[in-house]
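If you read the sequences in order, they're chains A and B.
Per this note's numbering, the very first residue in the first sequence carries number 9; after that it's consecutive.
Per this note's numbering, the very first residue in the second sequence carries number 9; after that it's consecutive.
Heads up, the beta-carbon is just placed ideally off N, CA and C, and yes, glycines get one too.
Protein chains: 2
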Amino acid sequence: MAASTVSYVLSGKRSISSATRDRVQEAVRVLGYRPNASARALASNRSNVIALVIPLRAGMHVPVLMQFATAVVTTARRFDHDVLLLTADEGRSGLERVSQSALVDALVVMDVELHDERVPLLRELPMPSVLIGIPADTEGLTCIDLDFFAAAEQCVDHLADLGHHEIALLGTPSAVYERQTGFAARTVAGFQAAAERRGIAGIETPCESTFEAVLETVGDLLREHPGITGVVIQNEPIIGPLLDVLRRLGRRVPEDMSLMAICADDVAVRQVPQLSSVTLPADEIGQQAVETLIAKLDSDLGPGVTLMPAQLTARASTSTAP
Amino acid sequence: MAASTVSYVLSGKRSISSATRDRVQEAVRVLGYRPNASARALASNRSNVIALVIPLRAGMHVPVLMQFATAVVTTARRFDHDVLLLTADEGRSGLERVSQSALVDALVVMDVELHDERVPLLRELPMPSVLIGIPADTEGLTCIDLDFFAAAEQCVDHLADLGHHEIALLGTPSAVYERQTGFAARTVAGFQAAAERRGIAGIETPCESTFEAVLETVGDLLREHPGITGVVIQNEPIIGPLLDVLRRLGRRVPEDMSLMAICADDVAVRQVPQLSSVTLPADEIGQQAVETLIAKLDSDLGPGVTLMPAQLTARASTSTAP
DNA sequence: TTCGGTAGTTGAAGCGCTTCGACAAGGACC
DNA sequence: GGTCCTTGTCGAAGCGCTTCAACTACCGAA
């Protein structure tokens, strides 16, 4: 019984008689044999590990990140890969390190900015990568994200259909806009485009993720634009505070004020009243990212941008304009 | 110039003349040379990767987990190690896989239950590990956690010192108790012990992490125990809802009701009013875990339990009993 | 019957490092 | 001047796999 035979049984890369295969598998089982990962990686030039670069920056909503990360790990395991966790604060050098040392076979990069310094590097690296988020120039890249432009449009359309003609977008913390994060910019663009198309007034404002900030931002907003009857909210952690603030201000949802959220479904459903929302499908995006990466690994799949379609669910937080 | 010489320059394991060293370093710089991680691991029997097992279970508060994870990754990088992310749903087999294939050198396991099925396995594995959390039998293990018993005691003492004699512990979701998670059990024990010692009434109840659950739980609590004037809260995500519920019920904080939280400092400070709290030092625990692990890696450090001391900070949410 | 082809198996080469033992050169000591 | 030790460098072995080329055995077609 040659070592190579065992290798072929385990990898299935050559035909093996069923007798031999059974014998090998039995021995593997009995001895509890596990191939050494480093030796395997050295010989095959594949580590079966992918890197996941997670942002740790101001304004990012942690539970959503974790949802992405979980989806990535779970899907990677389905394809017999493991996940190496990198934090974005290592920046370019972290990516260079893990790819040039062949620690990983491929990269998943989250929280991509419009003009991300890592993008040129990703183009050069001799290793497939998938971005979660869309930079300004996607030439030669593989990117996946929710279609935030369409998401915002759908929110506006839904409110416009209900007869609202002055609505607001309560956005992400200003830090997120300042670093030109793609998803935030695309949401604003979609919001403005749809408002214009529908001939209604659309006011957008950033909002920090604290109760006081919501209190102040919403207070200012309603003072300056008393005609607002609909709000689109993109910043998940302020959903609770916003509902609270509206209650304090005596505005009932949805009677006086309609609310649309762009957030995970379970978050929307957990509120009182349940929120009409466009789903942020973090699970599917993470899963899709890994599946694409695996495809690129063993078939030189070309680059391309995948926008997950936005899907709106009307619930109890929106109604016809007062 | 022998390959071995380069290796010795890079690792510093033998003395090298400064002339040679400079020449090698210059060449490394110019060529952008990076040692191949797999080859290095195969030859040296060290992958320089540690596994981090993260729970994805009901009732766990995600931002805190992320804080642990971040601290672990950052600290690991300080010691020139990387982090492989495992989810707890792979259970024992995940641990066996990564350790037996020598994918990693060591393990950090989070969210340990009192009778965790992974504990016996960890004792057997030929590889150091550190648990974040304390199981029932710590024989032969290295564990680190906040001293939740003392944390609860300090909360009770603080309230008792202020003259309260009927207080409640608003705990974690019941799922966390049911699976006998150590930190929750130790908090309850400390709460009860201190209440008894101080001769005051201590009522403890689990609480799910939704607004309605808080509304109902607190409603029931105050109906059955109308004399309660102080609450200790261990469940971070319900801090906001709790403040809201008390407001609705017309109980002012701290005039009518004193509040103590066991949570991260920044969370306590972000509330209105700012909460008196015992800090949950996730950063330090994560950091300490990795430092201990590194020490075990290259010096056969013995096992042992490290309880991080609890530290109480009085803020605006506690005052003398009404 | 002979020949080409296919399926099954094998030994050997080699992946890119680390580490061990050997060895040369030089300094200290008697 | 010879011996011993230290310091710096090197070649070779080997880590545990994968993969290639080669070989055997056997089958069907000519």
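Practice item. Taking VAL324/A as part of the beta strand (DSSP E), name the residues at either end of that continuous run. Key: For the sequence presented, residue 324/A should be read as Ala rather than Val. Counting along the chain, ALA324/A falls outside any beta strand (DSSP E), and DSSP gives it neither H nor E.
Check your understanding: Where in the region 284 to 312 of chain A do unbroken runs of the beta strand (DSSP E), each at least 3 residues long, occur, reported from the N-terminal end onward?
Key -> 284 to 287
Check your understanding: In three-state DSSP terms, what is ASP90/A?
Key -> strand
Practice item. Could you please give me the residues that DSSP links to GLY238/A through a beta bridge? Key: ILE175/A, SER266/A
Exercise for review: Measure from the alpha carbon of THR321/A to the alpha carbon of each residue in THR300/A, VAL275/A, ARG259/A, then state which is nearest.
Suggested key: VAL275/A
Exercise for review: Output the boundary residues of the alpha helix (DSSP H) element that contains ALA192/B.
Suggested key: 190 to 206
Check your understanding: Is there a Cβ from chain B that is less than 8 Å from the Cβ of THR218/A?
Key -> yes
Practice item. Please report how far the alpha carbon of GLU104/A lies from the alpha carbon of SER46/A, in whole angstroms. Key: 20 Å
Check your understanding: Using a C-beta cutoff of 8 Å, does PRO317/B count as contacting chain A?
Key -> no
Exercise for review: Grab the span of the beta strand (DSSP E) containing THR218/A for me, first residue to last.
Suggested key: Element bounds for THR218/A: n/a, residue is neither H nor E.
Review point. Just reading off the beta strand (DSSP E) that VAL184/A is part of, what are its end residues?
Key: Run containing VAL184/A: none in the beta strand (DSSP E); it sits in the alpha helix (DSSP H), 182 to 186.
Exercise for review: Using a Cβ-Cβ cut-off of 8 Å, state whether THR82/B counts as contacting chain A.
Suggested key: yes
Review point. Mind pulling the chain A residues with CB within less than 8 Å of ASN243/B?
Key: Within 8 Å Cβ-Cβ: nothing; ASN243/B doesn't reach chain A, min ~15 Å.
Review point. Helix, strand or coil for SER101/A per DSSP?
Key: helix
Exercise for review: Give the secondary structure of SER15/B by DSSP, where H, G and I count as helix, E and B as strand, and everything else as coil.
Suggested key: helix
**Study point:** Partners in chain A for PRO71/B, counting only beta-carbon separations shorter than 9 Å
**Key:** VAL70, PRO71, MET74
Point to revise | Among CYS215/B, ASP165/B, ILE142/B, GLU232/B, the one whose alpha carbon lies nearest that of VAL184/B | key: CYS215/B
Review point. Listed from N- to C-terminal order along the chain, which residues in the region 107 to 136 of chain A have their beta-carbon within a distance smaller than 8 Å of any beta-carbon of chain B?
Key: GLN108, SER109, ALA110, LEU111
**Study point:** Opposing strand residues paired with MET68/A [DSSP bridges]
**Key:** According to DSSP, MET68/A bridges with nothing at all.
**Study point:** Span separating the alpha-carbon of LEU283/A from that of VAL277/A
**Key:** 6 Å
Point to revise | Residues of its chain near LEU301/B, where Cβ-Cβ distance is below 7 Å and the 5 sequence neighbours each way are ignored | key: ILE58, ALA114, VAL116, PRO136, VAL138
Check your understanding: Considering only residues of the same chain and omitting the five flanking positions on each side of ALA8/B, which have a CB-CB separation below 7 Å?
Key -> Because chain B here runs from 9 to 330, residue 8/B falls outside it and cannot be looked at.
Point to revise | Beta-carbon proximity of GLU121/A to THR225/A, cut-off 8 Å | key: no
**Study point:** Chain-order list of residues whose beta-carbon lies under 8 Å from that of GLU263/A (same chain, five-residue window excluded)
**Key:** SER327, PRO330
Review point. Exposed or buried, what is LYS21/A when buried is set at 16 or more other beta-carbons lying within 10 Å of its beta-carbon?
Key: exposed
**Study point:** Rounded straight-line distance, which links the Cα of ALA158/A to that of ASP30/B
**Key:** 57 Å
Review point. From which residue to which residue does the beta strand (DSSP E) around VAL138/B run?
Key: 137 to 140
Review point. Between the C-alpha atoms of SER55/A and ASP88/B, what's the straight-line distance to the nearest angstrom?
Key: 19 Å
Review point. For LEU64/A, which option in VAL91/B, VAL81/B, GLY207/B, GLU132/B has the closest C-alpha, if you only look at C-alpha atoms?
Key: VAL81/B
**Study point:** For ILE211/B, the residue or residues it bridges with in DSSP
**Key:** ALA176/B
Check your understanding: Along the region 247 to 263 of chain B, what residues have a CB closer than 7 Å to any CB found in chain A?
Key -> GLY248, ASP252
Exercise for review: Tell whether a beta-carbon distance below 8 Å holds between CYS151/A and VAL286/A.
Suggested key: no
**Study point:** Exposed unless 16 or more other CB atoms sit within 10 angstroms - verdict on HIS123/B
**Key:** exposed
Exercise for review: Look at the alpha carbon of GLU186/B and the alpha carbon of ASN243/B, and state the distance between them as a whole number of angstroms.
Suggested key: 15 Å
**Study point:** Three-state class that DSSP yields for GLU125/A in the structure shown
**Key:** coil
Review point. According to a CB-to-CB cut-off of less than 9 Å, which residues of the region 90 to 106 of chain A neighbour chain B?
Key: ASP90, VAL91, LEU92, LEU93, LEU94, THR95, ASP97, GLU98, GLY102, GLU104, ARG105, VAL106
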